[in-house]
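J.: To start, I am sharing the structure in question, which I have written as structure tokens.
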Amino acid sequence: MNVTTPSKIEKLLAAGHYVVTSEVGPPRSADGHEIEHKGKLIKDHVDAINVTDNQTSVCRLCSLAAVIRLKLMGLEPVLQMVTRDRNRIALQSDILGAASFDINNILCLTGDHQHFGDHPRAANVFDLDSIQLIQTVKMMRDEGRLLGGYEFQVKPQMFIGAAANPFAGPNVELRVARLAKKAAAGVQFVQTQCIYNMDKFKEFMKIAMDRGLTEKVAILAGITPMKNVGMAKYMQKRVPGMDVPDEVIKRIGGLPKEKQWEEGIAFAIEQIEELKSVPGVRGFHIMAIEWEEQVPGMVERAGLFPRPSLN
Amino acid sequence: MIRAVGKPLEEIIDNIKDCNKVLVCGCDGCVTVCEAGGLKEVKILGSALRLHFAQANRPVTIDENSLTRQCDKEYLAQLRDTIDNYDAVVSLACGCGVQFLAEMYDTKPVYPAVDTTFLGVTEERGVYSERCQACGRCILAETGGICPIARCSKRMLNGPCGGSSQGKCEVSPDMPCGWQLIFERLKTLGQLERFERPVDPKDWTSSRDGGIRKIVREDLRI
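Protein chains in written order, with our numbering: chain P, 107 to 417; chain L, 302 to 523.
Here's what the structure looks like:
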């Protein structure tokens with residue numbers, strides 16, 4: 107893989123390292139210190155930090171401001187961008203703004219439908235979808251051109267990412283086909299949906315590998331530790347595109363309440379260990395939802411610490 | 302065809318509560334087919350309004366009729382001689398009919414009696430569903446005859462998103478995922494290569510985003 111951007115993720119992947127990323131969810135207020143606090147909790151244990159963009163359609167402090175804040179702290183952010191709330195003018199404008207602060211990683215997403223969030227009566231935009239956003243960033247970066255045709259000199263140096271959900275079903279074939287489409291659009295890394303159904307994930311990876319997609323796209327396996335059986339059941343029943351097998355519910359639910367979180371962490375670490383042996387997995391994306399303080403311990407126990415240095 | 306559903310009676314009554322003479326005017330076009338605004342529904346609404354005003358001890362005259370179409374001037378012109386007899390018109394036509402009627406008789410208040418809902422089909426009597434959003438540039442040739450703009454809740458041109466589950470949309474388990482349907486259809490047609498080809502950003506100028514749309518057919522003009 108030829109490194110073409112200053113992205114730390116890109117450089118680490120090119121050097122053959124596993125990449126470890128995690129995420130910070132911005133607050134539902136103007137409290138920028140919370141982002142700093144969460145960033146500090148995980149900064150030594152991950153290579154890059156995603157900032158979610160109004161996830162689950164709940165209005166929050168914007169991902170662009172939050173990634174700039176992390177960048178100013180000397181950290182490596184990944185700007186998550188959904189196409190739900192902004193048209194192509196606003197999206198491209200934000201990409202240029204992010205790049206002006208040397209943000210070098212972007213995660214292109216369509217976004218959850220607004221029906222889930224705190225403003226279900228809002229109009230949605232969806233001028234572009236995630237794949238068209240990938241195309242757009244690639245055009246801006248490689249050709250110095252906007253969708254409207256305007257050409258410019260100072261190009262955004264973005265390592266382009268997206269999400270992949272092997273579990274959205276009903277067949278894995280379709281999910282790999284969608285990954286192929288993202289690869290054709292120019293995606294360079296993907297972070298997957300949280301993995302609980304290991305068999306299905308392995309099936310997805312096998313097809314992706316057979317199709318040569320793992321050569322084109324670095325796949326970071328998504329890990330979310332369960333806090334308790336209530337969360338596991340919620341994820342199983344309520345979260346779109348999530349696949350939580352009954353055995354996971356049984357394993358965590360089989361313990362007294364005060365022990366469940368430890369089991370959730372232990373299970374997540376076992377998953378990372380198992381995923382290390384899955385061909386094509388190039389790293390891990392740990393999404394500890396409102397539980398960022400657990401990330402350092404998980405990274406250490408999974409044998410992924412210290413993080414490699416680029417020098 | 303255009304699909305519509307009747308508005309709540311209270312909303313219609315509220316609009317005409319101060320009138321003494323009202324024309325309830327249906328349309329024999331689309332809204333008749335979906336049983337929301339034809340002569341039958343005019344008669345039902347007329348009876349309900351008369352009953353309401355009788356119970357309220359208000360002597361209000363409610364007349365009824367239905368035009369062949371309210372989106373054509375020649376049929377709207379049939380009201381020319383009588384419209385001044387009324388304080389207001391309650392139209393059961395779609396939004397186009399209501400507006401065209403109001404445009405022709407611009408000193409007369411015209412109130413809608415239906416909510417115009419979508420361009421759709423009759424799945425079975427009483428069950429209608431959307432198929433087209435009239436975006437102005439049809440892509441059905443590329444998508445196996447299933448429209449992602451109308452059938453995907455995020456109008457994605459490169460779906461399905463990661464929120465679809467077991468072939469259902471993330472918005473509701475009762476809603477099929479449009480892109481799942483497209484994938485299956487393309488597979489059946491042996492055209493799966495279309496699915497994996499990224500579709501470029503759409504030109505929305507032919508859709509709502511380009512302002513009010515107009516068709517001028519010089520070949521048809523007199």
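The beta-carbon is built from N, C-alpha and C at its ideal position, and this holds for glycine as well.
The model shown is predicted, which means the values in this text are computed figures rather than measured ones.
1. Using only CA atoms, which one of PRO351/P, ILE325/P and PRO346/P lies nearest to VAL335/P?
2. Roughly how far, in whole angstroms, is the beta-carbon of ASP208/P from the beta-carbon of LYS177/P, given that I think they are within contact range, below 8 Å?
3. Select from the stretch 191-212 of chain P all residues with a C-beta closer than 8 Å to any C-beta belonging to chain L, and list them in chain order.
4. Please report the straight-line C-alpha distance between VAL399/L and VAL411/L, rounded to a whole angstrom.
5. Cα separation between ASN193/P and ARG175/P?
6. Step through the CB atoms of chain L and report whether any lies within less than 8 Å of the CB of ALA283/P.
7. Based on DSSP bridge pairs, tell me the residues matched to ALA324/P.
8. Which runs of the beta strand (DSSP E), 3 residues or longer, sit entirely within the stretch 355-424 of chain L?
9. Just by C-beta distance, which residues in the stretch 472-500 of chain L are closer than 8 Å to chain P?
10. Tell me the rounded alpha-carbon separation between LYS288/P and CYS165/P.
11. Quick check: what's the CA-CA separation for LEU416/P versus LYS117/P?
12. Quickly, what does DSSP pair ILE433/P with across the bridge? List them, please.
13. Run through chain P and tell me which residues come within less than 9 Å of LEU458/L, C-beta to C-beta.
14. Can you list, in chain order, the residues of its chain whose CB lies under 7 Å from that of ASP416/L, leaving out five sequence neighbours each side?
15. Under 7 Å Cβ-Cβ, which residues of chain L neighbour ASN271/P?
16. Can the beta-carbon of CYS328/L be found closer than 8 Å to that of ALA394/L?
17. Have a look at SER454/L and TYR387/L and give me their C-alpha separation to the nearest angstrom.
18. Within its chain, find whatever has a CB closer than 7 Å to the CB of MET179/P; leave out the 5 residues flanking it on each side and keep chain order.
19. Would LEU280/P pass as an interface residue toward chain L - the criterion being a Cβ-Cβ separation below 8 Å?
20. Checking 8 Å against the spacing of the C-beta atoms, do ALA414/L and SER392/L come in under that value?
21. Closer than 8 Å is the cut-off here; do at least three beta carbon pairs connect the stretch 469-482 of chain L with the stretch 426-442 of chain L?
22. Indicate whether ARG190/P and THR216/P have their beta-carbon atoms separated by less than 8 Å.
23. Within 10 Å of its beta-carbon, does CYS439/L have 16 or more other beta-carbons around it, so buried, or fewer, so exposed?
T.: This is what the structure gives:
1. Relative to VAL335/P, the option among PRO351/P, ILE325/P and PRO346/P whose CA is nearest is PRO351/P.
2. Indeed, because the Cβ distance is near 6 Å, the residues count as touching under 8 Å.
3. Listed in sequence order: ARG194.
4. When rounded, the distance between both Cα atoms is 7 Å.
5. Approximately 24 Å between the Cα atoms of the pair.
6. Yes, its Cβ sits closer than 8 Å to a Cβ of chain L.
7. In DSSP, ALA324/P forms a bridge with PHE295/P.
8. Complete beta strand (DSSP E) runs here, min 3: 362-368, 389-392 and 411-413.
9. Those residues of the stretch 472-500 of chain L that come within reach of chain P (Cβ to Cβ, closer than 8 Å) are VAL472, GLN481, PHE484, LEU493, PHE496, GLU497, ARG498, PRO499 and VAL500.
10. For LYS288/P and CYS165/P, the distance between alpha carbons rounds to 27 Å.
11. Approximately 8 Å between the Cα atoms of the pair.
12. Past the boundaries of the shown model lies residue 433/P; chain P is included only from 107 to 417, so the question cannot be answered.
13. Ordered by position in chain P, the residues that pass the 9 Å Cβ test against LEU458/L are LEU234, ASP235, ILE237 and GLN238.
14. Result list for ASP416/L: ALA305, VAL306 and LYS308, in chain order.
15. For ASN271/P, the C-beta contacts it makes with chain L under 7 Å involve GLY463, in order along the chain.
16. Yes.
17. Rounded to the nearest whole angstrom, the C-alpha separation of SER454/L and TYR387/L is 43 Å.
18. Once the five neighbours on either side are set aside, the close Cβ partners of MET179/P are GLU142 and GLY145.
19. Taking a beta-carbon distance threshold of 8 Å, LEU280/P counts as an interface residue toward chain L.
20. Result yes, Cβ atoms of ALA414/L and SER392/L sit closer than 8 Å.
21. Flag = no, the stretch 469-482 of chain L and the stretch 426-442 of chain L do not touch.
22. Yes.
23. CYS439/L comes out exposed.
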